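Mapped onto my numbering, the consecutive letters of the sequence shown carry residue numbers 19 to 226. Let me begin by presenting the structure, written as structure tokens, before commenting on it.
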Amino acid sequence: MTDPYKVLNIAPNASDEEVKKAYRDLARKYHPDHYHGTDLEHMAEEKMKEINEAYAVIQQQRKGGGTQQGYSSGSSAGGYQSYGQSAASHPLFQRIRILINSGDIVSAEQLLEQTDLRTAEWHFLMGSVYYRKGWLDEALKEYEMACAMDPNNAEYRQAYQYMRAGGSAYRPEEYGSGSMMDCNWCQNMICAGLACSACSGGRVCLCC
């Protein structure tokens, strides 16, 4: 593939935050939803594949797992999935889902931080961890990243949409304050089948 830094329009010495910001900006710009039903839809899908792969290659390089000679046009490096796929079946992520649903957020976050599998599933699960910690603005960003990397995943999309519908985000110190926004948001998640009733299907329970 093309030099991943050129794909993201950044310099090779860009900071990790600059890399992430460039990825998010391009993912928003070329998200297939913006071009659905138009002549540009296929172009947007191909561009998203290129952007996802470039981001994955950079992440892998910075983890010490690859060089520029390792670029390929096939599946992404570092455990990323190609556009439209999901890593939900990975045993590690299954274990993390169980930890989140059982309330062991510390262990779930530790496992997420330790793995190099920074897939769309990873961002979704990290968003779920942040939500449980009360960091709703951070959770929203992770859900947005998950949707950008895997736009066809209904679970990620529903979590992102209902998070956006929940009102303005609040900071950790406000968590547990019993606000009406938090209560109403949880009720919406329950009605959407994303809360406790979804746990039996291996989905992440966000409301308890």
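Glycine residues also receive a C-beta, built at the ideal position from the N, C-alpha and C atoms. If you're wondering where the values come from, they're calculated on a predicted model, not measured in any experiment.
Where the alpha helix (DSSP H) containing glycine 152 begins and where it ends: Here residue 152 corresponds to residue number 134 of the sequence shown, with the count starting at 1. Counting along the chain, no alpha helix (DSSP H) covers glycine 152, and no H or E run does either.
Residue environment, serine 146, which counts as buried when at least 16 other CB atoms sit within 10 Å: Along the sequence shown, one-based indexing puts residue 146 at 128. Its Cβ being crowded by 16 or more others within 10 Å, serine 146 is buried.
Reference tyrosine 149, options Asn170, Ala126, Gln132, closest by Cα: Your numbering for residue 149 matches position 131 in the sequence shown. Nearest Cα to tyrosine 149 within the set Asn170, Ala126, Gln132: Ala126.
Terminal residues of the alpha helix (DSSP H) in which alanine 177 lies: Taking the sequence shown and counting its residues from 1, one reaches residue 177 at position 159. Note, alanine 177: alpha helix (DSSP H), 172-182.
Methionine 144 vs glutamate 160 beta-carbon contact at 7 Å: Along the sequence shown, one-based indexing puts residue 144 at 126. Along the sequence shown, one-based indexing puts residue 160 at 142. With respect to glutamate 160, methionine 144 sits close: the two C-beta atoms are nearer than 7 Å.
Collapsed DSSP secondary structure at leucine 26 in the structure displayed: Residue 26 sits at position 8 when you count from the first residue of the sequence shown. It is coil, neither helix nor strand.
Reduced DSSP secondary structure (H/G/I, E/B, other) of alanine 32: For this step, residue 32 is matched to residue 14 along the sequence shown. Here alanine 32 sits in coil by DSSP.
Asparagine 70 versus alanine 157 - alpha carbon distance: Taking the sequence shown and counting its residues from 1, the one referred to as residue 70 is at position 52. Taking the sequence shown and counting its residues from 1, the one referred to as residue 157 is at position 139. C-alpha separation (whole angstroms): 20 Å.
Option in His52, Ile76, His60 with minimal Cα separation from tyrosine 23: Here residue 23 refers to the residue found at position 5 when the sequence shown is read from its first residue. Ranked by Cα distance from tyrosine 23, the first of His52, Ile76, His60 is Ile76.
As assigned by DSSP and simplified to three states, the class of serine 125: Your numbering for residue 125 matches position 107 in the sequence shown. Residue state for serine 125 is assigned as helix, using DSSP reduced to three classes.
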